[in-house]
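Please read the structure below before turning to the comments.
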Amino acid sequence: MSSKLEQLQALLAPVVEALGYQCWGVEFISQGRHSLLRVYIDNPDGVLIDDCEKVSRQISGVLDVEDPISGEYTLEVSSPGMDRPLFTLEQFAAHVGEQVKIRLRSPYEGRRNFQGLLRGVEEQDVVVQVDEHEYLLPIDSIDKANIIPRFD
Numbered sequence: 011m012s013s014k015l016e017q018l019q020a021l022l023a024p025v026v027e028a029l030g031y032q033c034w035g036v037e038f039i040s041q042g043r044h045s046l047l048r049v050y051i052d053n054p055d056g057v058l059i060d061d062c063e064k065v066s067r068q069i070s071g072v073l074d075v076e077d078p079i080s081g082e083y084t085l086e087v088s089s090p091g092m093d094r095p096l097f098t099l100e101q102f103a104a105h106v107g108e109q110v111k112i113r114l115r116s117p118y119e120g121r122r123n124f125q126g127l128l129r130g131v132e133e134q135d136v137v138v139q140v141d142e143h144e145y146l147l148p149i150d151s152i153d154k155a156n157i158i159p160r161f162d
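Residue numbering for the sequence shown follows the numbering used here, beginning at 11 and increasing consecutively.
So, in structure tokens, the structure goes:
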């Protein structure tokens, strides 16, 4: 995780948790002059638009005071949704048995994209079964990971 992302996570997670939500994860996408800061919140009772608005207002105030991002950016507060992104080893471990889609920062065995069954976590690696092959993907090399929703 980049130091900017770690800084934002450390700054924003306590704000989200003080409001009674879980800070599921933070994404910061730098796009030249217009960047995007996306904060995922979760709650056992679900997340409604009012929840996102409340958290957004609180986070905006903290960001205005702390000013951790230079330049313009858009703040987006969202539920993780059905295709929830996975950020931590604990989140991967909690979703063993689910189908996942994983994109790596750089190729591993000639590929960056993996889609398959999440088999588990071993130390700092995520174990994914694609067809008949198991891959151990280091958490630090994962750029993006999402659950693939089931509709059965």
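Virtual Cβ for every residue (Gly too), placed ideally from N, Cα, C.
Item, Value
"Backbone CA spacing between leucine 58 and tyrosine 50 [nearest angstrom]", "12 Å"
"The alpha helix (DSSP H) enclosing glutamine 101, as first and last residue numbers", "99-104"
"Glutamate 16 versus alanine 28 - alpha carbon distance", "19 Å"
"Contact set for glutamate 37: own chain, Cβ-Cβ below 7 Å, skip 5 residues either direction", "Arg48"
"Element boundaries [alpha helix (DSSP H), containing aspartate 61]", "59-76"
"Distance between beta carbons of isoleucine 69 and valine 25, contact taken as under 8 Å", "6 Å"
"Boundaries of the beta strand (DSSP E) in which leucine 147 is found, first to last residue", "143-148"
"Reduced DSSP secondary structure (H/G/I, E/B, other) of leucine 85", "strand"
"Option nearest cysteine 62 by Cα separation, candidates Leu18, Gly91, Gly42 and Ile157", "Gly91"
"Beta-carbon proximity of proline 117 to lysine 154, cut-off 8 Å", "no"
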